[in-house]
Amino acid sequence: MPGLHELSVSEALEKLRQGEISSRELTHAYLERIAAQEDRLHAFITLTPEKALSMAAAADQKLAAWRRSPSGELPPLLGLPMAIKDVLCLAGVRCTCGSKILETFIPPFNATVVERLLAAGIVVLGKTNTDEYAMGSSTENSAYGVTHNPWNLEHVPGGSSGGSAAAVSARLAPAALGTDTGGSVRQPASFCGVTGLKTTYGRVSRYGLVAYGSSLDTIGVLARSAADAAPIFQVFAGYDPLDATSMNLPLPPIDLQGPDSVRGLRLGVPQEYFIGGLQPDVENAVRQAISVYQSMGAEIKPISLPHTEYAVPVYYLIAPAEASANLARFDGIRYGPRLSGEALWDIYFQTRGQKFGAEVKRRIMLGTYALSAGYYDAYYGQAQKVRTLIKRDFENAFQEVDVIAAPVAPTTAFRIGEHSNDPLAMYLEDVFTLPGNLAGVPGLAFPVGFDSGGLPVGIQLMGPHFREDMLFRAAHAYQQATDWHLRSPAYAG
Ligand code: GLN
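Quick note on this note's numbering: the sequence shown kicks off at 798 and runs consecutively.
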């Protein structure tokens, strides 16, 4: 009999409902896998096994009561284990953001997404590793050590949601929350061979997410397939009065086989995403996936997103500018550890100087500079104008096509250490994910093949604002026709 960790989300939920398995058994199976593999993968910053087992026991009680007298709807994810990226607040469990400056911070409240998932019945396995404050593309910027890619332990899992991606890929959790400010759900999903949704900006409440770049930050989910991710998205998305940027729009149930499935879908292929520097294995796998869509009846259209090349400089001005403001609050007074100093200024200086890592300091300096009097118009102001052009590129494209298909990253997972002394090389890895954040559109990444070294290659589909449903349907159609998403690293066993 296959292990419990091999069940899909819908299979697990169905078996829990029928009483064929208990949430305690399922949770235990994942905790055992974590215990066996975590030493080498290091996907988690904090594990919560006792909490998980008591949540599972509570879920089992509810399930048993419901089976005795099935009345009303059960919470939709009752008994399902999940992992949470360590930038999202879970009350009573420390939230480090991958930083030493929050090593001892225990949030007294839940992020809205976490609150909704808890109400829906999930069991929390732990908080996953991330680049410090989600600033990075490899998890190498975590103050708690790097996460290893389950497909090849010498390679990065991507980032910043690398812990979540590695955990899902190695079957240490069926699904995990991530965040995507510049690619941090899609790129690690692609590097680890899993499915990752970046939601539309405004679709999901950011309340309780520790802010990085507030005009770009989005919360998403990583899972093994579109079908596994959809019901989780359905629970945590939607309007929240606690986040003024969340939109009060209907969230219709996602019908994966729905009317606008792939036949007749106009799929745009942007020429700017197939450029020099794109690893040939990546290009081949992505083009092959596009031809699968064609064979399923999609209409493939070449398109142009002409301002794509400006996304890296624009993002690396706007995101650090916002970060420099957002991170001003971490000064040793209110959150986390405090170093001593003779005067208040000295406390700030010592705490921030010693507890922030190098990349975070670099971004704070870049951002402060870009916002400073005299440089503001030339850098931040200019970047905002070009951001509008990038957004218009997408608006124009979506006049002609329904969905855009493109590589997620120019390469597959690189080696640990390969870019760590070259911030610019690291930033350039984000060239294909940043535009979607600058435009605020949703994106769904999923595996479409492997490179010659056996590392996964991902594709991303991007859609108009608030059309996550269309992305889910298109990805599901592909996953019904192919089996890349079912491959798991040998390591996952
Ligand atoms: N890699 C990008 C950065 O370093 C994006 C990170 C993210 O999406 N959180 O900022």
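Using N, Cα and C, we set each Cβ at its ideal position, and we do this for glycine too.
Predicted, not measured: the structure shown is a model, and the values here were computed from it.
Practice task
Would you tell me roughly how many angstroms separate the C-alpha atoms of I817 and D1248, rounded to the nearest one?
Solution key: Indexing the sequence shown from 1 puts residue 817 at position 20. Indexing the sequence shown from 1 puts residue 1248 at position 451. Before going further, note that residue 817 is Glu rather than Ile in the sequence given. Cα-Cα distance, rounded: 39 angstroms.
Exercise for the section: Kindly examine the ligand GLN and report whether one of its heavy atoms sits closer than 7 angstroms to the Cβ of G788. Expected result: Any property of residue 788 remains undetermined from this structure, which presents the chain solely from 798 to 1290.
Practice task
Compute the Euclidean distance between the alpha carbons of N1193 and D1266, then round it to the nearest angstrom.
Solution key: Here residue 1193 refers to the residue found at position 396 when the sequence shown is read from its first residue. Here residue 1266 refers to the residue found at position 469 when the sequence shown is read from its first residue. Taking the straight line from one Cα to the other gives about 21 angstroms.
Problem - Under 8 angstroms between C-beta atoms of G869 and D857 - result: By one-based count along the sequence shown, residue 869 stands at place 72. By one-based count along the sequence shown, residue 857 stands at place 60. Going by C-beta atoms, G869 is not nearer than 8 angstroms to D857.
Practice task
Tell me whether M932 counts as near the ligand GLN, meaning its Cβ is closer than 7 angstroms to at least one heavy atom of that ligand.
Solution key: Locating residue 932 in the sequence shown gives position 135, counting from the first residue. Checking the Cβ of M932 against the ligand GLN gives yes.
Handout entry: Reference L801; option with closest CA among Y827, V1254 and K1098
Key = On the sequence shown, residue 801 is found 4 positions in, with the first residue counted as 1. Of Y827, V1254 and K1098, the residue nearest in Cα terms is Y827.
Practice task
Mind the definition here: the region 1030 to 1045 touches the region 1232 to 1252 only if three or more C-beta pairs lie below 8 angstroms; say whether that holds.
Solution key: By the Cβ rule, the region 1030 to 1045 does not count as touching the region 1232 to 1252, because fewer than three pairs are nearer than 8 angstroms.
Practice task
Sort C886, T1230, R1063 and N1081 by Cα distance to V1198 and report the nearest one.
Solution key: Numbered from 1 along the sequence shown, position 401 holds the residue referred to as residue 1198. Residue R1063 is the option with its Cα nearest to V1198.
Exercise for the section: Have a look at G1074 and P1207 and give me their C-alpha separation to the nearest angstrom. Expected result: Translated into positions along the sequence shown, residue 1074 becomes position 277. Translated into positions along the sequence shown, residue 1207 becomes position 410. Cα to Cα, G1074 sits roughly 7 angstroms from P1207.
Exercise for the section: Have a look at the DSSP bridge pairing and note the partners of V742. Expected result: Here the chain has residues from 798 to 1290 only, and residue 742 is not among them.
Handout entry: Top-ranked residue by Cα proximity to L1231, from A1020, M1044, L1268 and A1203
Key = Along the sequence shown, one-based indexing puts residue 1231 at 434. Nearest C-alpha to L1231: A1203.
Handout entry: Nearest to G895 (by Cα), restricted to the options K1152, W948, Y998 and G1255
Key = Here residue 895 refers to the residue found at position 98 when the sequence shown is read from its first residue. Of K1152, W948, Y998 and G1255, the smallest CA-CA separation from G895 is found for K1152.
Exercise for the section: Tell me whether the beta-carbon of T843 lies closer than 8 angstroms to the beta-carbon of K924. Expected result: The residue labelled residue 843 in the question sits at position 46 within the sequence shown. The residue labelled residue 924 in the question sits at position 127 within the sequence shown. Closer than 8 angstroms, so yes.
Handout entry: G956 to E1119 span [Cα, whole Å]
Key = Numbered from 1 along the sequence shown, position 159 holds the residue referred to as residue 956. Numbered from 1 along the sequence shown, position 322 holds the residue referred to as residue 1119. Cα to Cα, the separation comes out at about 19 angstroms.
Problem - Reference H1282, options T1105, R1021 and E1080, closest by Cα - result: Along the sequence shown, one-based indexing puts residue 1282 at 485. Checked all of T1105, R1021 and E1080; the closest Cα to H1282 is R1021.
Practice task
Starting from the C-beta of Q834, find all residues in its chain whose C-beta is less than 7 angstroms away, skip the five residues before and the five after it, and write them out in chain order.
Solution key: Locating residue 834 in the sequence shown gives position 37, counting from the first residue. For Q834, same chain residues with a beta-carbon under 7 angstroms away, outside a window of 5 residues either side, are A967 and L969 in chain order.
Handout entry: Three-state class that DSSP yields for V1254 in the structure shown
Key = As a first step, residue 1254 must be located in the sequence shown, where it is residue number 457. Reduced to three states, the DSSP call for V1254 is strand.
Exercise for the section: Return yes when the C-beta of D977 is under 7 angstroms from any heavy atom of the ligand GLN, and no when it is not. Expected result: Counted from its first residue, the sequence shown places residue 977 at position 180. Taking 7 angstroms as the cut-off, the C-beta of D977 counts as close to a heavy atom of the ligand GLN.
Problem - Cβ-Cβ distance between A1001 and V910 below 8 angstroms - result: Numbered from 1 along the sequence shown, position 204 holds the residue referred to as residue 1001. Numbered from 1 along the sequence shown, position 113 holds the residue referred to as residue 910. The sequence shown places Val at residue 1001, not Ala. Taking 8 angstroms as the Cβ cut-off, V1001 and V910 qualify as a contacting pair.
Practice task
Say yes only if the C-beta of Y1107 is nearer than 7 angstroms to one or more non-hydrogen atoms of the ligand GLN, and no if none qualify.
Solution key: Here residue 1107 refers to the residue found at position 310 of the sequence shown. Not under cutoff, so the answer is no.
Handout entry: L1268 (DSSP reduced to helix, strand or coil)
Key = Residue mapping note: residue 1268 aligns to position 471 of the sequence shown, counting from 1. DSSP places L1268 in helix when its eight states are reduced to three.
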